[in-house]
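When you line the sequence shown up against UniProt numbering, it's residues 1 to 1088, in that order.
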Amino acid sequence: MSQGQSQARVIRAWRDMELFSPQTVKKANPGDGTAPSVDWRPGMPLPWEEGTYLQRRPLPPRHVWRHTVYVWIYDLTTMYDCLDHIYAAADAVYDERPLGQSAAACFAVDEHGHLDPESAVLSSAAWGLGRALRADRRSDRWFDEFTQATADYAQTISELVGLEATDPSERGRALTPELLMKIGGLTRAATGLPRKHTFRPIPGEIDGPGERDPLPVATIARIQSRAVDPDKDDDSSDFLNSFILDDLGRAADAVEAGNASPALMDYLAGAVGCEAAQRTDTVARPGLTYPEVRPAVLPYGRWPSKPAHSLATSQQLAVDLSLGDLDGGPALRSVNGPPGTGKTTLLRDVFAGLVVERARRLADLEHPRAAFTGEKRRWKVGEFIKVVHVLRPELTGFEMVVASSNNRAVENVSDELPGSDAVKEPWAEADYLRDIATLVRRATKGDESAQAWGMVAARLGNRTNRRAFANAFWTNKREWQGEPRTFRHLLEEAAAGPSTSWADAVGAFRRALGRVDKLAAEATQAEQRLVRNSDVHRELQEMESHLARLTREEPEAAQRQQEIARELFFATTKHDEADARVAEHLRSRPGWWAALTSLGAAHREWDDAGAPLRVAAEAAAAAHTRTESALTAARERVTGLRRDIAQAQEQRTSHLKEQRELAAVCESDRQRWGAAYPDAHWLESDRARELNAPWADESLNRARTEAFLAGLRIHHVWFEHCATGEPGQPSLVQSMRAAMDVVRGGVPKDVDPAAVLAAWQTFFLVVPLVSTTFASFGRMFSHLGAESLGWVFVDEAGQATPQSAVGALWRAQHALVVGDPFQLTPIVTLPAKAEANIATEHGASQEALPSRTSVQVVADRINPWGTSLGSGDARIWVGTPLRVHRRCDDPMFTISNTVAYGGLMIHGKPAAELGADPASRTTPDEVERDLPESCWLHVKASNGDGHALRTDIEVAKRLVRDLLDGTTPTGAPPVPAKEIFVISPFRAMANAVARFPDLLGHPVGAGTVHTAQGQEADVVVFVLGGDPTRPGARTWAASTPNLVNVAASRAKTRLYVIGDHHAWAGLPHFTTLDSHLPWRAVSPAAVW
């Protein structure tokens, strides 16, 4: 099996799991002011008929009632129980499944009661359940069958409407109760669900198998009505099924075909358990990260935050690594962002860096119109032909989309970036289409006081958001001059003459880049001096060691020279004596007469006597030569050592001089760059290093921000120069008119995908970033394929199921995944046994099960930069962790840091915000109120409404009232309602505290811990609750550190825990709460 086939199996397994993940249908609420709904049963009139409750409701001008009819309402728990029987029940554990209901089908009905057959949707969950009950194997490849089944269902409904039409017309007759009942019967047939089914028993059940309706009808139909302007009605959603089914199918096909994006392929490698080939632990070996944060790799652009406020080093590392990928690095990056560590701040700087990079490419154009290739893309809508002028490829790939499964996370980024408070002094007057951005902000937020500085981001996603944005941003009216000033106004007015010449705009931008280059070069030179200073220090140490060795060896060598000289004297004497003896012996040589008369004996005797003399003389000569050579070598060694000593002393003197000079200039550098100067202390101190990114001083921060604003300015000037043109010339008005149709979702289904891509690319050149939930991603970019978008930022990725990001990553050239696996995890409703069975049937890795992982965990697994957190089997690798926490006071910081991060985080909240002397507090936003200390208020568990314990609720209500009224015993001033959040682990308790705003008359925040994710408040009241007869609920809440971590890390200044201390304090992770919070017994009458 190829890697592509293996990874496609993972996607197909996820897709089949999504079949059983229906959307919930809200409870009937006839009194709802905006979307009233009723449970319909036979004998009741239908809302569009005469005499119904809607007839008494006033409608705004030009509005009518439109309706969504949900057929065959069923309880989700019933479906899950069936799946438990089908796949065998999991071990008994507390299961915080979301309660609620869904429907087997739904469709839209207009104000006249006419059913729109094209809106008919069959529930994938109901159909899948019927398929599972009929299947021999529990998890076949059902998706293709379901696609056909839902098409057949829509066709059947269409035919039914036609057959029942007594007055033939395009839309058939009005929907009647009789017709509605028939549709109910057709729906059961379409799902394939039997009226009775015999279930096998679950192990441990007392009762045997039983025969029953697998999905009994709780309500025949639920009808929700909406008051809409028919000309602006934008409701065309699939109300029931998973929003990502289609994308999962397309991505699986692409993977098998080998044309999926590198970002998706990297992600799928992580999903099947692969890890980065080589990992760098940024915490254990921080020195290895420095090359990635040097001034030479610093991006040109920076968000307009205060110039004195630099990123933390871990933030800068994440930014630099991400933007470095423009030169061909990995397509997928991940960042682990514990609470309060500045995830949005990081994304802002990535955004600024990308805007400047595109501006650099614009500035390289000889003329603004050179941005276009000359190619045109067209499509027809009615009698109108829409035209898009195709951009040069080098100007594309910078499209930015923030996506999340969390609506609030999406809004946080796209709503915050354009807001006037997102830019700080001295750039408070920054202007990038400011008036248009303010108009859009007011229209989309419904707040006439809202202010914006720049049209840098748009909250899109569902069609309601998209049309609201488009209507405020653009007008297609012929008489556009009298409309509020939109982007169309700017372009049309620019036709009379741009406000700035292209040369001037390019020149200003390049001068801004030049200032960054100059300051970065100065930082690089200072870096070189710092490195040289370190080298000189090291070299001096080596020199001192070398000189000390030479100094030790020189007298030893001199002494040895003297010794050898004495040896030579004796060797010379011996040599002379030996030569003298040989000479004397030579003089005693017998004459010829003696030799003759002795017949040669005398000569032989003489010669024999001389032999040892000659040997001794030769030996003495050799010894003399050796000693003489040794003396020469000794003299040379002494001379060499004395020469080396002199040279070493000279070099030391030179290095000492260089060291003094470097010390002076480095001290000057240290004064200039301050805490951003990466000297030895910076490198060795975790706190010093993490709090301040190297070299990011105020002057460089200012220059980089000016480059970002100049980059936006060159975009603005480009709009003006390309606004309109002579016939045949590219016209931005034309392209934007088409692009706004795309944004609204008003293009034909069969339009050329390349035309839609060109329209989106033009739009992103104006509005660099948009946001959407994963649920809307596939629909909004339905015409786009692999690698069609430059950048996808996945926010709160720890909360997202692994399959939810597939469509976004498939379309991304680059992806940055940001989140935290130690905060809230994904909500998975599919029973664990069914989930595991589907994975097994597809041959997919158990590592990829949504109940076991998240988008964040999968992306982190293949990130080469990161560290390990947790312990034992729960220890996981987290990618590029952010470490500096700037939100919470203690003990909340320490609780969060201990319970989830093993001390990874560094407390970086400014001292002014950490409980300084009240007399020194000057800024209201930075004042810690003199409230009673954080504590655990012990309330003995008593009966209530399940997990909603009455005494806990009463204590919480009294505590919140005192905070609001300023009647705490410390005399602290009243706490604004927006700075109080009341949360609970359990839905029943959350529902109870959700009534606090009405009961107390103040809009305090309230909900489950899940609703608090991504938010913060001065005071968090953590109401535990917990049915004392169901201890498994507490065990579930304490099974991971996530709930405690989120609760503690939402509270900026105070955390009050309310609940039975004896029941909770000994549980895992709650022991950390107990160890850092004093506790005392209280009652509703005596809270403090």
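Virtual Cβ for every residue (Gly too), placed ideally from N, Cα, C. A quick note: this is a predicted structure, and the numbers were derived from the prediction, not measured.
Out of the options, which has the shortest C-alpha to C-alpha gap to residue i?
{"i": "Ala308", "options": "His1010, Ala703 and Asp889", "result": "Ala703"}
{"i": "Met79", "options": "Val228, Ala352 and Pro216", "result": "Pro216"}
{"i": "residue 1111", "options": "Thr724, Arg478, Gly640 and Gln659", "result": "Past the boundaries of the shown model lies residue 1111; the chain is included only from 1 to 1088, so the question cannot be answered."}
{"i": "Leu122", "options": "Gln155, Glu256 and Val387", "result": "Gln155"}
{"i": "Tyr300", "options": "Ala260, Gly353 and Arg529", "result": "Gly353"}
{"i": "residue 1160", "options": "Val1057, Pro831 and Ser261", "result": "A query on residue 1160 cannot be resolved here, the shown segment of the chain reaching from 1 to 1088 and no further."}
{"i": "Thr853", "options": "Gly270, Gln525 and Trp592", "result": "Gly270"}
{"i": "Gly340", "options": "Phe1070, Ala1017 and Phe239", "result": "Ala1017"}
{"i": "Ala565", "options": "Thr627, Met780, Phe719 and Val615", "result": "Thr627"}
{"i": "Pro286", "options": "Arg883, His1002 and Leu1043", "result": "Arg883"}
{"i": "Ala472", "options": "Glu483, Glu479, Asn462 and Arg478", "result": "Glu483"}
{"i": "Val582", "options": "Met455, Ala619 and Ala548", "result": "Ala619"}
{"i": "Ala296", "options": "Val536, Thr524 and Asn465", "result": "Thr524"}
{"i": "Arg488", "options": "Met740, Pro47 and Leu769", "result": "Met740"}
{"i": "Leu641", "options": "Gln559, Val531 and Leu1000", "result": "Gln559"}
{"i": "Met17", "options": "Ala422, Gly249 and Thr625", "result": "Gly249"}
{"i": "Ala508", "options": "Ala805, Glu979, Phe708 and Gly273", "result": "Phe708"}
{"i": "Ser225", "options": "Glu49, Leu133 and Gly329", "result": "Glu49"}
{"i": "His715", "options": "Ser699, Ser534, Pro727 and Leu732", "result": "Leu732"}
{"i": "Ala151", "options": "Ser119, Ala132, Gly1059 and Leu180", "result": "Ser119"}
Which residues does DSSP pair with residue i in a beta bridge?
{"i": "Gly454", "result": "Tyr432"}
{"i": "Cys106", "result": "Tyr70 and Val121"}
{"i": "Val228", "result": "Val64"}
{"i": "Pro386", "result": "The residue you asked about is not Pro; residue 386 is Lys in the sequence shown. Its beta-bridge partners are Trp379."}
{"i": "Val792", "result": "Val401 and Ala815"}
{"i": "Gly340", "result": "Bridge partners of Gly340: none, in fact."}
{"i": "Trp936", "result": "Val1057 and Trp1079"}
{"i": "Leu869", "result": "Ile876"}
{"i": "Asp349", "result": "Answer by DSSP bridge pairing: none, since Asp349 is not bridged."}
The ligand NAP and residue i: does any heavy atom of the ligand fall closer than 7 Å to the residue's C-beta?
{"i": "Leu288", "result": "With respect to the ligand NAP, the structure offers nothing, as it holds no ligand at all."}
Going along the chain, which residues of its own chain have a beta-carbon closer than 7 Å to the beta-carbon of residue i, five neighbours each way excluded?
{"i": "Gly903", "result": "Asn897"}
{"i": "Trp1088", "result": "Pro932, Thr968 and Pro969"}
{"i": "Val25", "result": "Tyr70, Ile73, Gln101, Ser102, Ala103 and Arg222"}
{"i": "Arg687", "result": "Ile906"}
{"i": "Ala621", "result": "His575"}
{"i": "Trp379", "result": "Lys386, Val747, Pro748, Val751, Asp752 and Ala755"}
{"i": "Val402", "result": "Val410, Val413, Ser414, Leu769, Ser771, Phe793 and Asp795"}
Near residue i, what residues of its chain come up, given a Cβ to Cβ distance below 6 Å and the 5 sequence neighbours on each side ignored?
{"i": "Ser6", "result": "none"}
{"i": "His938", "result": "His1061, Trp1079 and Ala1081"}
{"i": "Pro168", "result": "Caution applies to Pro168, whose pLDDT of 41 falls short of 50 and renders its modelled position unreliable; the value that the coordinates give is listed next. So the list is empty, once near-sequence residues are dropped."}
{"i": "Gln734", "result": "Val387"}
{"i": "Phe20", "result": "Ala125, Gly128 and Leu830"}
Within its chain, find whatever has a CB closer than 8 Å to the CB of residue i; leave out the 5 residues flanking it on each side and keep chain order.
{"i": "Glu275", "result": "Arg861, Ile862 and Trp877"}
{"i": "Glu690", "result": "Ala312, Thr313, Ser314, Arg883, Val884, Ile906 and Gly908"}
{"i": "Gln1015", "result": "Arg408, Phe981, Gly1005 and Arg1050"}
{"i": "Ser1039", "result": "Pro1068"}
For my contact list, residue i and residue j are in at a C-beta cut-off of 8 Å; report their separation, rounded to the angstrom.
{"i": "Ala263", "j": "Ala693", "result": "That pair is no contact at about 27 Å."}
{"i": "Ser1049", "j": "Arg887", "result": "7 Å"}
{"i": "Trp760", "j": "Val742", "result": "6 Å"}
{"i": "Thr187", "j": "Val71", "result": "5 Å"}
{"i": "Ala710", "j": "Ala512", "result": "4 Å"}
{"i": "Ala977", "j": "Leu964", "result": "6 Å"}
{"i": "Val1046", "j": "Val1009", "result": "5 Å"}
{"i": "Asp320", "j": "Leu298", "result": "7 Å"}
{"i": "Gln856", "j": "Ala786", "result": "Rounded, the Cβ-Cβ distance is 23 Å, inconsistent with contact."}
{"i": "Trp791", "j": "Ser261", "result": "Actually they do not touch by this definition, with Cβ atoms about 12 Å apart."}
Q.
Report the start-end ranges of each beta strand (DSSP E) in the region 987-1073 that is 3 residues or longer and not cut off at the edges.
A. Counting only runs of 3 or more, we get 1005-1008, 1017-1023 and 1051-1059.
**Q.** Completely contained alpha helix (DSSP H) runs for the region 262-287, where each covers 4 or more residues
**A.** Whole alpha helix (DSSP H) segments, 4+ residues: 262-271.
(Q) For a minimum of 4 consecutive residues, which ranges assigned as the alpha helix (DSSP H) are wholly contained in the region 644-700? (A) The region 644-700 contains these whole alpha helix (DSSP H) runs: 680-684 and 686-691.
Q) In the region 471-499, which residue ranges form an unbroken alpha helix (DSSP H) of at least 4 residues, counting only runs that do not cross its ends? A) Fully enclosed alpha helix (DSSP H) runs of 4 or longer: 487-494.
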